[in-house]
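Encoded as structure tokens, the structure appears first; notes follow it.
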Amino acid sequence: MSLLGAAEIRVLAAELDLKPAKSLGQNFVIDGNICRKIVRLAQVSSDDVALEIGPGLGSLTLALLDEAAAVVAVEIDQRLARQLPITVAAHSLRKENLTVINEDALHISYLPQAPTVMVANLPYNVSVPVLLHFLERFPTLRSGVVMVQAEVADRLIARPGTKDYGIPSVKAAWWAQMSHVGAVSRSVFWPAPNVDSKLVGFVRRQTPGDDAMRRVVFAAIDAAFAQRRKMLRSALGSWLGSSAIAESVLVKAGIDPKLRGEALEIEDYCAIANALRDLAIEF
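The letter at position 13 of the sequence shown is residue 188 when you use our numbering, and the numbering goes up by one with no holes.
Structure, rendered in structure tokens:
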């Protein structure tokens, strides 16, 4: 299997008259070595169905096909979706193991094969929503490695009480254990982005509750961080109707009402959801 380099990427782009679109977060990987590294970090095996979001011109796709039983690639750009099977056929003997879906990743609710691992250079502008969407929709996804903007990576892996801790940190923790597994130079992309990138690894965990609880927990998270600098009794008061109601819920949950949302872990937000249920409080 031959991977794509900078010259091949530029030739393909020229043939397609492709000008990378900032609106779609199109920064294509031009270094085959980094693609192999990402696949290795994700521990992709011959038993895996690998899910790739935004395959672009196919650099990472080819590296995945070299290891996985099958690759399902979701590409929103019609030109790139049409070209990808052609590129794979020219560089790999495993073209039959590739399925390309030309859709917006955020609208995907069904895949022809159940994915087991996600490996992707996620579009910067929708990286967190895409990751959370697929963790919710496809419980067969057990692990993965995604390349995201460095600031996004820092938020995904942040711990309570740190400046980067926020909505992405807590919601991601509902689904999986997140970790930093590497940094990526700007030089491996074409065009080179104006931001740094990092690799985030995840391993699915057993969720702390069912989907009904998740909806309440996520609503509480949104409310707590909507007014990040306010104490929880005030921030949640806007959501629940009054600070007094919020304080009663927090006391029931065993949480100091004077804390801020950034001090709480996912289990604390689950305690808030349980307290709402026990007190029969609707919102």
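No residue lacks a Cβ here, since even glycine has one placed at the ideal position from N, Cα and C.
As the structure is a computational prediction, the values presented were derived from the model and not from experiment.
Work out the CA separation of residue 454 and residue 413 for me, nearest whole Å.
Here the question's residue 413 lines up with position 238 in the sequence shown. Here the question's residue 454 lines up with position 279 in the sequence shown. Spanning the two alpha carbons is a distance of roughly 18 Å.
Determine the DSSP secondary structure at residue 348, reduced to helix, strand or coil.
Here residue 348 refers to the residue found at position 173 when the sequence shown is read from its first residue. Reduced to three states, the DSSP call for residue 348 is helix.
Apart from the five residues just before and just after residue 140, which ones in its own chain have a Cβ nearer than 6 Å to its Cβ?
The requested residue 140 does not occur in the structure, where the chain is confined to residues 176 to 458.
Rounded to whole angstroms, what is the Cα-Cα separation between residue 247 and residue 278?
Indexing the sequence shown from 1 puts residue 247 at position 72. Indexing the sequence shown from 1 puts residue 278 at position 103. Rounded to the nearest angstrom, the two C-alpha atoms are 12 Å apart.
What is the rounded straight-line gap between the Cα of residue 463 and the Cα of residue 294?
Nothing about residue 463 can be read from this structure; the chain reaches only from 176 to 458.
Secondary structure, alpha helix (DSSP H): runs of 4+ residues fully inside the segment 191-252
207-216 and 234-240
Distance between residue 305 and residue 296 (C-alpha atoms, nearest Å):
For the purposes of this step, residue 296 is taken as the residue at position 121 of the sequence shown. For the purposes of this step, residue 305 is taken as the residue at position 130 of the sequence shown. Distance between the alpha carbons of residue 296 and residue 305 is about 11 Å.
Which residue from 316, 390 and 356 puts its Cα closest to that of residue 451?
Translated into positions along the sequence shown, residue 451 becomes position 276. Among 316, 390 and 356, the Cα nearest to that of residue 451 is on 390.
Does the Cβ-Cβ distance between residue 240 and residue 260 come in under 8 Å?
Mapped onto the sequence shown, residue 240 falls at position 65. Mapped onto the sequence shown, residue 260 falls at position 85. No, these two residues do not count as a Cβ contact at 8 Å.
Extent of the continuous alpha helix (DSSP H) run through residue 379
Counting from 1 along the sequence shown, the entry for residue 379 is found at position 204. Not the alpha helix (DSSP H): residue 379 falls in the beta strand (DSSP E), residues 372-379.
With a threshold of 8 Å on Cβ separation, who are the neighbours of residue 428 within its own chain once the five nearest residues in sequence on each side are excluded?
Mapped onto the sequence shown, residue 428 falls at position 253. So the list reads 443, 446, 447, 449 and 450, once near-sequence residues are dropped.
Alpha carbon of residue 224 to alpha carbon of residue 290, nearest angstrom:
In the sequence shown, residue 224 corresponds to position 49, counting from 1. In the sequence shown, residue 290 corresponds to position 115, counting from 1. If you take the alpha carbons of residue 224 and residue 290, they lie about 5 Å apart.
When 311, 298 and 310 are compared against residue 323, the one with the closest alpha-carbon
Walking along the sequence shown from the start, residue 323 turns up at place 148. Measuring from the Cα of residue 323, the nearest candidate turns out to be 298.
Buried or exposed for residue 179, going by 16 or more other Cβ atoms inside 10 Å?
Counted from its first residue, the sequence shown places residue 179 at position 4. Result: buried.
Among residues of its own chain, excluding the 5 on either side of residue 347, which ones have a beta-carbon nearer than 6 Å to its beta-carbon?
Residue numbering aside, residue 347 sits at position 172 when the sequence shown is read from its first letter. These residues qualify, in order along the chain: 331 and 353.
With a 10 Å radius around its C-beta and 16 neighbouring C-beta atoms as the bar for buried, classify residue 285 as buried or exposed.
By 1-based counting over the sequence shown, the position of residue 285 is 110. Exposed is the call here.
Residue 276 lies in the alpha helix (DSSP H); which residues open and close that run?
Your numbering for residue 276 matches position 101 in the sequence shown. No alpha helix (DSSP H) holds residue 276; the beta strand (DSSP E) holding it covers 273-276.
CB residue 383 to CB residue 441, shorter than 8 Å?
Indexing the sequence shown from 1 puts residue 383 at position 208. Indexing the sequence shown from 1 puts residue 441 at position 266. Contact flag set, yes.
Under 8 Å between C-beta atoms of residue 226 and residue 316:
Taking the first residue of the sequence shown as 1, we reach residue 226 at position 51. Taking the first residue of the sequence shown as 1, we reach residue 316 at position 141. Result yes, Cβ atoms of residue 226 and residue 316 sit closer than 8 Å.
I want to know whether the segment 180-196 touches the segment 329-345 - three or more CB-CB distances under 8 Å.
no
Through-space distance from residue 402 to residue 425, alpha-carbon basis
As a working note, residue 425 is residue 250 in the sequence shown. As a working note, residue 402 is residue 227 in the sequence shown. One C-alpha to the other measures close to 16 Å.
At 4 residues or longer, and completely inside the segment 313-350: list those alpha helix (DSSP H) runs for me, N to C.
325-332 and 342-350
Is residue 328 buried or exposed, if buried means 16 or more other CB atoms sit within 10 Å of its CB?
To locate residue 328, count along the sequence shown from 1; it is residue 153. With 16 or more other Cβ atoms within 10 Å, it is buried.
Residue nearest to residue 318 in terms of C-alpha spacing, selected from 309, 326 and 325
Residue mapping note: residue 318 aligns to position 143 of the sequence shown, counting from 1. Comparing Cα positions, the closest option is 309.
Any idea which residues DSSP pairs residue 364 with across the strands?
To locate residue 364, count along the sequence shown from 1; it is residue 189. Paired residues: 204.
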